[in-house]
Amino acid sequence: MSPEQISEVIALAWADDVSFEAIKAETGLSEPEVIAIMRSSLKPSSFRLWRQRVSGRVSKHARIKAMRDNAPRP
0 MSPEQISEVI
10 ALAWADDVSF
20 EAIKAETGLS
30 EPEVIAIMRS
40 SLKPSSFRLW
50 RQRVSGRVSK
60 HARIKAMRDN
70 APRP
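Spelled out as structure tokens, the structure:
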């Protein structure tokens, strides 16, 4: 990957409104591949901060968001 492509992946991964599925559709990279790029490109503290942000975040996982949006409301 070129530095420009890596930079684009990093920008997409940091964006709260871009899911891993959208990143895969745009770049062809799976979630584990995105995580590996982030791990190798960011400082350790930045990587930990990013992982905390995206872990369990509904907006980063389209399937979870779809299930949550379709769940019956009490």
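All residue numbers in the sequence shown are consecutive under numbering that gives the first Met the number 0, ending with 73.
Beta carbons are placed, not taken as given, at the ideal position from N, Cα and C, and that holds for glycine.
- In the displayed model, ALA14 falls within coil according to three-state DSSP, outside both helix and strand.
- Where MET0 is concerned, there is no enclosing alpha helix (DSSP H), because DSSP gives it neither an H nor an E.
- For a cut-off of 8 Å, the C-beta gap from PHE46 to ARG52 is around 11 Å, too long to register as a contact.
- Collapsing the DSSP output to three states places LEU48 in a helix.
- Between the beta-carbon of VAL33 and that of ALA10 there is about 12 Å, and that puts the pair past the 8 Å contact cut.
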